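Okay, so the sequence shown: first residue is 535 according to our numbering, each after it adds one. C-beta: ideal position from N, C-alpha, C; glycine also. Computed from a prediction, not measured in an experiment: that's the story for all the values here. Let me begin by presenting the structure, written as structure tokens, before commenting on it.
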Amino acid sequence: MLRPRLLPAFERISRYRLRKRGIQSRFVETDIAKMHVLDGKGHGSLPPIVVLHGITSSSVAFGPLLALLQKHTRRIIAPDAPGHGFSEVPRVPLQPENLLENMTSALDQLLDEPAIVVGNSLGGAIALHYAATRPERVRNLVLLSPAGALWSEEDLKRLLRAFRMESPRDARNFLNTIYHRKPWFAPLIAADLVHSSKRPAVGSLLESATPNSGATPEQLATLKMPILFWWGRSERLLPANDFTYFSKHLPKHAIIERPEGIGHCPHFDDPRGTCRRIVEFAQSNML
């Protein structure tokens with residue numbers, strides 16, 4: 535008998551719960567895929583908040599954070615990258631360059647006013663690219679353990695090894711790496727995570743990554759909008775050199791913080807604390 539897969543069921547349950555809150559599913563067409571987007575009216579006064587996920591993840595992984603942010607914003611938006619979540623498999627191999635172009639196209643279609651753009655992991659790299667290429671559309675930039683630094687060959691190899699999950703044991707080790715504390719449910723979803731890591735879009739994106747795929751110092755220096763950079767003290771997935779790189783090359787007005795009890799995914803470890811800090815930061819820059 536085949537064991538039912540838990541992650542897809544979790545994703546559908548999470549999407550259902552968000553729908554009950556008024557955060558609906560919609561789709562936008564881009565050059566390489568039809569993309570799924572969570573999009574809902576908020577109950578607050580802040581500008582729209584866009585939340586961008588990392589590789590192997592999806593928009594519904596931010597469910598608790600989206601529900602919390604919805605109380606403070608006029609609109610909440612969270613797209614699924616091509617080949618992730620409920621988005622279609624891309625029609626061409628997914629690579630860093632066409633991913634960034636695709637996400638830029640999707641956000642251009644979705645946004646009708648400048649937004650607070652929040653990105654975690656690969657979503658942080660996407661947020662950085664959007665802020666650099668569409669600065670007039672980004673009111674505030676929030677980077678939560680972002681990818682997007684220029685890597686050494688060794689750092690890139692180590693990071694790629696972490697995503698090569700061949701067994702449930704590999705997946706459990708990966709989950710232990712991205713959380714502040716070892717998650718109790720790791721054994722339950724480990725096999726599903728291995729399956730997710732084998733998606734064609736994930737594989738092609740990892741295979742095409744190079745040390746030069748990130749943002750250059752010159753590109754980072756162009757960012758004029760308010761920036762909050764969060765790098766949890768329990769970050770164990772991304773290279774420590776990434777923190778050094780961003781600390782050195784982000785503009786001097788960027789706020790750099792190292793929160794306790796936070797690993798690679800703040801929305802997993804402390805969604806309420808993450809929401810509170812995003813809202814405080816945004817409100818302080820609305821004056």
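Proximal residues to residue i (C-beta, below 6 Å), its chain only, five neighbours per side dropped
i	result
H798	S679, I712, E769 and L771
H606	G578, L580 and V813
V584	I611, A649 and V651
T564	N636, S639 and A640
V626	I566
G748	G682, A683 and L684
E622	A567 and K568
Span of the beta strand (DSSP E), counted from its first residue to its last, around residue i
i	result
Q643	Element bounds for Q643: not the beta strand (DSSP E) but the alpha helix (DSSP H), P630 to L644.
V813	First-last for V813: P805 to S818, but that is the alpha helix (DSSP H), not the beta strand (DSSP E).
N654	A649 to S655
I583	I583 to L586
Distance CB(residue i)-CB(residue j) smaller than 8 Å
i	j	result
A665	M759	yes
G597	L552	yes
L628	S738	yes
A755	H801	no
A720	R706	yes
P624	A735	yes
N636	I589	no
R668	V594	no
G653	L586	yes
F777	W765	yes
R733	G617	yes
H714	D803	yes
Nonlocal neighbours in the same chain, by C-beta distance under 7 Å from residue i, ignoring five residues either side
i	result
R673	P581, P648, A649, I650 and M759
L722	L540
K716	N710
C809	L599, L602 and L603
N746	L684
S781	I790
Q558	D573 and G574
D689	P773 and N775
P751	H783
Q887	Any question about residue 887 goes unanswered here, given that the chain covers just 535 to 821.
V562	M569, V571, A640, Q643 and L644
Same chain only: Cβ atoms within 8 Å of residue i, ignoring 5 sequence neighbours per side
i	result
R537	Confidence at R537 is low in this model, with a pLDDT of 47, below 50, so the placement of that residue is unreliable and no value is reported for it.
L762	N674, L675, V676, L677, A788, I789, E791, R811, I812 and F815
K555	The question names Lys, but residue 555 in the sequence shown is Arg. Here the set comprises G574, A601 and Q604.
M535	Below a pLDDT of 50, predicted positions are generally treated as unreliable, and M535, at 33, falls in that range; no measurement from the model is reported.
R767	R792, P793, E794, G795 and I796
R692	P773
S687	What sits at residue 687 in the sequence shown is Glu, not Ser. Correct list, in chain order: P745.
R703	A724
Beta-bridge pairing of residue i - partner residues as DSSP gives them
i	result
G574	I557 and I610
W764	L678 and E791
E687	DSSP lists no partner for E687.
V562	M569
L580	T607
V672	A649
Anticipated Cβ contact below 8 Å, residue i with residue j, distance rounded
i	j	result
L599	P805	4 Å
A543	L572	At roughly 18 Å, the Cβ-Cβ gap does not stay under 8 Å, so A543 and L572 are not in contact.
G619	S592	3 Å
M699	L740	Actually they are not in contact, since the Cβ atoms of M699 and L740 sit about 11 Å apart, beyond 8 Å.
G576	R609	5 Å
Residue i: first and last residue of the uninterrupted alpha helix (DSSP H) it sits in
i	result
G737	P734 to S742
E622	Here E622 belongs to no alpha helix (DSSP H), and DSSP marks it neither H nor E.
P702	P702 to I712
P751	P751 to A755
P484	Residue 484 is absent from the structure shown; the chain starts at 535 and stops at 821.
K782	A774 to H783
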